[in-house]
Each structure stands twice: as C-alpha cells, then as structure tokens.
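Notes for the one structure printed next.
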Amino acid sequence: MTTIPDRSTRRASTRDRWPLQALESALREAVDGEVRFDSGTRATYSTDASNYRALPLGVVVPRTPEAAAAAVRICHEHDVPLLSRGGGTSLAGQSCNTAVVIDWTKYCRRVLEVDTAAATVTVEPGIALDALNEELAPTGLMVGPKPSTHVSCTIGGMIGNNSCGSTAQAYGKMVDSVRRLEIVTYDGLRTWVGGADLIPGVNPEADELVRGLREIRDRYADDIRAAYPEIPRRVSGYNLDALLPERGFDLAKFLVGSESTLVTVLRAEIQLVRRPAAKAMAVLGFPDVYHAADAVSQILPHDPAALEGLDHRLVELEHSQRLAEQAIAQLPDGKAWLMVQFDGDDQQQADARAQKMIADLERATGATSTILDDPDREAEVWAAREAGLGATAYPPDSPETHEGWEDAAVPPDRLGDYLRDFEALLDRFGYQSSSLYGHFGHGCVHTRIPFDLRTAEGIARYRRFVEEAARLVSRYGGSLSGEHGDGQSRAELLPIMFGDRVVRAFEEVKTLFDPRNRMNPGKVVRPHRLDADLRQGSDYRPWEPVTHFAFPEDDHRFSEAAGRCVGVGKCRGESSGVMCPSYRATHEEEHSTRGRARLLFEMLQGEAITDGWRSTEVRDALDLCLACKGCRSDCPVDVDMATYKAEFLSHHYAHRIRPMAHYSMGWIPLWARLGTAMAPLANAVTHTPGLRRLVSALGGIDRQREMPRFARTRFTEKFRGRTGSPTGERGTVLLWPDTFTNNFEPAIAEAAVTVLEAAGFSVVVPERAVCCGLTWISTGQLPTAKRVLRRTLRTLAPQLRDGTPIVVLEPSCAAVFRADLPELLYGDEDAHRLAGQTYTVAELLAERAPDWRPPHVDAAAMVQPHCHHHAILHYDRDRELLSSTAAEVDVLDAGCCGLAGNFGFERGHYEVSVACAEDKLLPAVRGRAPGTLVLADGFSCRTQIRQLQPDADPHHAVELLAAALSGRPLEPNAKR
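Letter 496 of the sequence shown, counting from 1, is numbered 496 in the UniProt record's numbering, and no numbers are missing.
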C-alpha cells in the first residue's frame, strides 16, 4: 500500500526547543483573541508566496492591537520567536518562520480616524489595501502605493515590506506614505514614533533606544551615504538613511521595510493622496523589451503617473491562458510595450499630456502607440499587467518557474543595458526567463525563472546564479530588491550590495532592538541560507496517491495539483469575482483557496498532517468550500479547489459512514425522480412544519432551509407527449433534461424548446433518464459519479457519434461535461466528445444561428451568473445574447450566491451561506429599480434568491426570451 513519506523529523528539533504547552496556555489566558497550536493551523501558515516553508509554532489571531501587544509580551516571557504577518503574500520568505505568528487580518481591520484636512488616516494593520481605499472613496482620498496584490495585501504588510506597486511612480514607496507608527518591541517598549524625536525623559527605554540608534548612525553615516544607491526603488536593507541628519532622523520611516525583524506595528498613521480626477493611458509598442527600456529616460521628463513595461512573452502566455485577451487586443504593434499613465484635472488635460508624450516618442523612437481614456479599457490593460505572476508561474509546455530573483532594480536610465546583460547571464546559466515586465519607470524588473529547486545540482546552480545576478545589479548601482524585500532569498546577498560595514550596522541595529534574535529570526540580518528551508528542496518527495480525477494539467499527479498555489492571495480579495466566498464570510486563512491548498500540500508531506486522506484538519477546512469553482478561473494559477475537495472526500469517506446530507443531497437525482412521481404527497411531507423538521433532521439538512417543491409533471413526460414537433432547418439539438429543471422547474425547459425551435432547430431529448453526476461529484461519491456518467455516455452515444449539439440549461451540469467529465473519465473518447458538444443556449445560437435575431425586450434585467458559468463556461455569449434583445442588462459582479448546490442546504452551513449572499448579491437585488427583472440561470442561485428575497422571483434567461417570442413579457413578481 502507498504510504506517506515520513518527514516528521524535519525541523522537529527546532520546534521541540520551546515550551509549547505552557506557552499556549499563557497565550490563551492573556490574549483577547484566538490561539491555535493545532497541526491544521500550523500547516495553513507554513509558507507564503515564496520558495520557503517553515511550520510555525502556533498562530495568534488578536481581536485588538492591545491583544497583539499581550501576545508579544507572553512570547518574550517564554523566550520564543515571533512573526507579525499581514496578507502572507511575501515573495522572499519573510512571512513564514518557526515562530509564533500573529495574523492581523481577521479582526484588526478597523479604520480608526480619517483627517480629511490633513489627508491622513489611522488604521489597524490588518486592513487590506483595497478595503481601505474603498472606505476612503467618499473622501476623494486614497493610499498612494498600490502593489499588484492590492486585493489582499494589508497596510501592516505593506509597512513591513516597504511596498510600492505601479503607482509608486507618482506617490513613491510605502515609506513615503507613513507618518507615524505605534510599535511594540520584543522586550515590551510601546510607543508612537514618527518624524520628530521621542520626547526625552518620558520613557527611559525609549531614550536608550534613540541614543543607541544615533550612535550607530553616527558611526556608519559615511558608509550609509556611500553605499545606498540613489535610485527610486531601493527596498533592500534597513532604512538607515532615514536616520541621517539631512533626512530628519525619522524613526517611523526607518522601521518601514524591516520585515517584522525589529518591532511589531500596532497602528499606523498614513499620509493619503488625492484621487486623480481623470486618467489617460498611452500604450507604446517597441520591437523588443530592450528598446522599450531604452525609451524610459525619454518618457520620464513628461512626469507620468505610472510607467510599466511588459514583453511579448508575457503577452503570449496570457493569451494562451485567456488571462487578459481583451487587453491584449488593444495593444499596438510590437514585441514589447510600455504602459504610460497620465493624470489630469480633467480628461482633456490627461489626454493632452499623453498625446504630447506620444508625439515626442514617435519622433525619437518610431514607437507605435494608442491612447486609452475609457476606464473599462484602462482596467483591462492594467489587469494584463497585474496578471503577470499567474501567467508566468506555469508556462504551457515549459518547466514551472520560481521567484528568487524577481524584483531587482537599477537606475531607470540604465535599464536597457541592464536587461541586455541580465539576459546574457540567464543564457550563461541555461535559464530562460518566462518574461520580463515590471515598473520600468523605476528601473524595477519582475521575472520568474525556471530554477530547479528539487535536486542538489539544480539548487547549487540557483545559488550561483543569484550571487552573479547580485553582483551584476550592484555594478549597475542598483538594489537587490526593488519591491519584494530581502527576507531569506536576498538577505544573504546584502554584503554584495552594501558592503560589510553597512551590513554590520544592520546587525548592530538588530541587536539593539532584538538582542536575543527572536523577531522573525533568519530574515534580513543573520539570515538563514537562501537555499535552505525550501518548500521543495532536494528532499522533496511527496506522497503520490492514486486518484479518481486525472489532473492532466498537473502531470497526472495530485501532489502537483496540491502544490500549484503560489500564494499571491487573490482568493483573499473582497471586491470582485467569485473566489473565495467562504473566506469573504469568515476571514479565516484556512477558508481561503490558498489556505486549503496549503493544507493539502502539507497532507502530502506527512510532517504536520500525518493521517493522509483521513485527516480531520483537511476535512474541516474543506467543509466550508462551496465548490463554486471560482478559483478555477479567478485564481492566477488555476487552482481548482472544488475538484480537490471532491477527490479528498471520496477517499476520506471510503468504506465509512458519510454525513447524512451526502445521502440526501448527494442522491437528489434519485429522490427528485421519486418525489416528482408522487409530487402532492412529497410536497406535503417536505412543507408541513412538523414533517419538514423530521425530514430535515434525517437528511442532514439545515432546519432553516425550505426544500424546493417538486413539479407535478416532469418536462420529459410533457415533451414526449407532444405532437407535431417542427423540423428545424438548422438541424437537430438534444436538450439536456437536468435533474433540477426536469423535476422542479420544467417550465424553463419548455421555454428553451420555444426559443430553440423559433431559431430553427429541431429539439429532441434522451430516450431514458440521464444525469451528469454533479451531486455525487460535489459530495465526493466519485465511483458512483463515474458509473452514472458512463451510463449517460451510453445513452447519448447516437448523438455523440453524429455530432449533435447537447444544449444544457443548468450551468453546473454544463460545467461537469466541460471540465469534470473529461478529467474523471480521462481518455474516454466519448467523454471528450461530450465536452466538445456541450452548449449553452447562447453559445449554440452564436455558433449555429449567428443570423437569428432574438425578440425585442423592453425591460431592465439584473443578472446573477452562476459560479460554474463564470468559471468554466464564461458569460460572454450570454451577455451578448441578452444585450441583443435591447433589454437594459446589468450583469452583476456579486460573487457566489452562497447556496452552491448541496452546500447551503447542509446542516451547519446556513450562516455562511447567507453571509455569502449578503456580501453583494442580496443588497444588489434589494436595491434594484422598480420593475427590474432578476435573471439567474442556476437553480441554486434562483433558490437562494427566492428564499432570502421572496419578492425577487428570479427567472432563467431563456424564459425571458420565450416570453418575448410569445408577446407576453415577464413581469416582476409574476408567479408560476
């Protein structure tokens, strides 16, 4: 039998040094918050977005900054390492350590004070950048720096890392935005620090700290002035230059970028900037990335607000992965591009600035160009730039790539020559960069490189390369890090950049603040080796279990799928897309796609989680996964947690009693067929209060859930009783009678027949009952699902042989055929045929009846796309179809409805299910204008809206079309 490799001794001796039981008890007693030392939590926080991995001692989730200060005190009393963590998106390893981790992001997310006159805001460190800027929007102010991880990176993390982003061209790094910080040191000194000196005599410990810093500053002042490069993107090293007399001895700015190695930040006062009234983006095309970089010095005098670059390799990768196709279509001719944003007091001024720059550049360089001043088009181009990490992590038909040398910065006027030398260095080591892109206006270049981090030889070559790369950057007067920090991946190389004396100054500062080296040890100062603690490493040998799904995009290995997450944390965003609804409801790391991926990764390592498929920690984390598949499209690297969950549940419950909901909701195709056959009785049983409670209890269904009513007659029975079906001139289509439409809402299928026949198609249905197996897949009953699917393929064999389109009305069923089926029955040619022959109504009309014009609809409609439609099928065709009716269509970006098939019905899920709906969907439905129709093609979406907002009466889009064809438009609140 396959067993998990035993890696339980790895770092065990390090953890065993600490008195963990006493520490945990003391933290629980002293901290107002959650204290977690269980193996599941430790596994969840084992890594960040870097190449490194270290299981923490435990995790503290404080409710207030005071609770965090108490945690620091207890750690000091027990002499254990400590790490303050924000969004966990660090690329240099500074957010993972064998330490007590303080996670600020669940509770400490409050805006404490906004001073609009001074343009400042005081916040707790756990608030995410996008969330803060959204709250500041009514004031016309915003935080200046905007990293590409803006949906999830926190203000505390940005301070710890001295974050930048594309807007740093106009607003500088985070150090330029920080006014004051409330800090606590490891030994308990708590104070506010800022530009002015601390008042002497008030706190003797603070006085001693200031004196010590002044002595270090004075001793190394000339070395600091000589070693610190005068470039806009120097992020490496401590900000000792902020202590120089000519810089005002600013303690707050000095501490920015110290990566939790010196202090813990409790609160922060941030200088804000005015939101630009208007923006215009000029996109310039060049023959290669070197010429694009050469042009930077000619653009900078025009004072752009942002100046970003990307090369043809990034564009090709994004196009192949459908990450930014709309944006790519807008690029001018070329093999490399510069995106140049200009702000203005009005659109005319912004456009004029962009046009003047273009005129100058075209004369000087011959660059091609275009100007975008439509916010939607600009957003698409920025999305292309921000999708860089996802596009380059797993290039098709190429080795996976890694960070490790991904953000060096040089003087902008030397960028072109540096890139030429850097490419030559890559060639010399036998590497090919996946792409070169980044903040060209600041000379900061991003790339991911196919380092081999699984063999001793590959790791040694990686070390030699980064040492040579550090020397190259230093010769150009640059910085090893222009944005992502030193952490562990670059700290060991700091002597190359700064020299031994300045590094010695760093060490003295560290000793002054943290004499026992307990604050995030091994990072920045006295670092662990850059080739140690690797997430993979030469001892990487994960368990390779036999699986039901084939995982073809992951070399047919579950370990590759579980290790796919690169940690950028987009799943922790709260503003748009579908991913990740449960995280938005709970703000728990283990309920993010990333957190669950980490647990699965650790399950296969066998160190923190040792019981494999039987793990209760993994099961509990997956329990609140809605299987919405949002991550399949929204995750930059296409993590598919719904599939991983189904695979896990299948093995976890193999030969065991399952939760009752798996038998009730998982077998709903059978129960629905029986229920429809005796609909009056079934509806009476499921809707009479006493009997309903009993049925819910027996079926593991939440008592607050109302069960759908069975139809009196199935659609298939009505359809087969028809006479005189028209012969369509466009050919025959098979209308798929899914369980939900057929047994609960047959009127939808009847409407579909009306539309399809009006468009010129002849409609048939299967000769016998069929099913896509969705409910068995979502509950992890995969052997049953495969049997059901094989039966379906046999039934559809005639249509599969002659290429008949299979029209599916329920998006989740269509998604099974497109995605799950080919991976469950991998290699079955009929499975692949069905995937290719599956259509939505909109797709069929666009492809097979492009000249057909839908009826005019004089109405406004609010549309909630089903999650699986968004993730697998994409909603473009449906949007186009609805818009072509002349209806006023508002397609919501409201995330998951929260019901998600069986999820919202299962006992214990109701609160999370409702919270998901209340995030954006229900407020939008309640706020719709009078007379606005609500459309939702998914049965789950319609059910959730009906139960939580009964006046909405949502319809399937095909019902709207059918009603218009019949000359009787749907009315809001119309009853079926």
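Built from N, CA and C at the ideal position, the CB exists for glycine as well.
Since this is a predicted model, take the numbers as computed values, not measurements.
Query, Result
"Under 7 Å: does the beta carbon of residue 490 sit that close to some heavy atom of the ligand MG?", "Among the ligands in the structure shown, none appear at all, so the ligand MG cannot be discussed."
"What is the DSSP secondary structure of residue 609, reduced to helix, strand or coil?", "coil"
"Unbroken alpha helix (DSSP H) runs of length 4 or more, entirely within the segment 243-297: which are they?", "251-255, 289-294"
"Could you check whether residue 737 and residue 749 sit closer than 8 Å to each other, using their CB atoms as the reference points?", "yes"
"Buried or exposed: which applies to residue 713, given that a residue is buried once 16 or more other Cβ atoms fall within 10 Å of its Cβ?", "exposed"
"Note down, in chain order, each residue of its chain lying with its Cβ closer than 6 Å to the Cβ of residue 465, except the 5 sequence neighbours on either side.", "429"
"Using DSSP's beta-bridge definition, name the partner residues of residue 308.", "339"
"Report the three-state DSSP secondary structure of residue 234 (helix, strand or coil).", "coil"
"According to DSSP, is residue 803 part of a helix, a strand, or is it coil?", "coil"
"By Cβ distance below 7 Å, which residues in the same chain neighbour residue 668 in space, the five residues on each side in sequence not counted?", "739, 775"
"Could you spell out the range, first to last residue, of the beta strand (DSSP E) harbouring residue 191?", "190-193"
"Can you check which of these residues, 614, 562, 952, is closest to residue 637 by C-alpha distance?", "562"
"How long is the line joining the alpha carbons of residue 246 and residue 301, rounded to whole angstroms?", "26 Å"
"Which class does residue 34 belong to by DSSP, given the choice of helix, strand or coil?", "strand"
"Which residue marks the beginning of the alpha helix (DSSP H) containing residue 1020, and which one marks its end?", "Residue numbering for the chain in the displayed model covers 1 to 976; residue 1020 lies beyond these limits and cannot be assessed."
"By Cβ distance, which residues of its chain are closer than 8 Å to residue 797, with the 5 residues on each side in sequence left out?", "830"
"Restricting to Cα atoms, I'd like to know which of 253, 764, 207, 124 is closest to residue 727.", "764"
"Under the three-state reduction of DSSP, which class applies to residue 6: helix, strand or coil?", "Any reading at residue 6 must be qualified, since the residue scores a pLDDT of 43, below 50, and its modelled position is unreliable; no value is offered."
"Assuming residue 63 and residue 32 form a contact by the criterion Cβ under 8 Å, report the distance between their Cβ atoms to the nearest whole angstrom.", "5 Å"
"Between residue 256 and residue 779, what straight-line distance do the alpha-carbon atoms span, to the nearest angstrom?", "47 Å"
"With distances taken from CA atoms, which of 889, 907, 65 is nearest residue 957?", "889"
"Where does residue 669 sit, in a helix, a strand or coil, going by DSSP?", "helix"
"Alpha carbon to alpha carbon, how far is residue 593 from residue 569? Give it in angstroms, no decimals.", "8 Å"
"Give me the Cα-Cα distance between residue 436 and residue 314, rounded to the nearest whole angstrom.", "7 Å"
"Quick one: any contact between the segment 402-409 and the segment 438-446, if contact means 3 or more CB pairs under 8 Å?", "yes"
"If we count Cβ pairs, one from each stretch, closer than 8 Å, do we get three or more for the segment 469-479 versus the segment 143-150?", "no"
"Nearest to residue 391 by CA position, among 451, 455, 377, 317, is which residue?", "317"
"Going by C-alpha to C-alpha distance, which of 678, 332, 290, 546 sits closest to residue 423?", "290"
"To the nearest angstrom, how far is it from the Cα of residue 720 to the Cα of residue 388?", "52 Å"
"Rounded to the nearest angstrom, how far is the Cβ of residue 341 from that of residue 279, given a contact under 8 Å?", "6 Å"
"What's the C-alpha gap between residue 970 and residue 303?", "54 Å"
"According to the neighbour-count rule (16 or more other Cβ atoms, all chains shown, within 10 Å of its Cβ), is residue 356 buried or exposed?", "exposed"
"Taking residue 407 as part of the beta strand (DSSP E), name the residues at either end of that continuous run.", "Neither: residue 407 is in no beta strand (DSSP E) and is coded neither H nor E."
"Spatial neighbours of residue 349 within its chain, please: C-beta separation below 8 Å, excluding the five flanking residues on both sides.", "278"
"Between 116, 825, 25, which lies nearest to residue 787 when the distance is taken from Cα to Cα?", "825"
"Which whole runs of the alpha helix (DSSP H) in the segment 590-638 are 4 residues long or more, in chain order?", "593-605, 616-623, 630-634"
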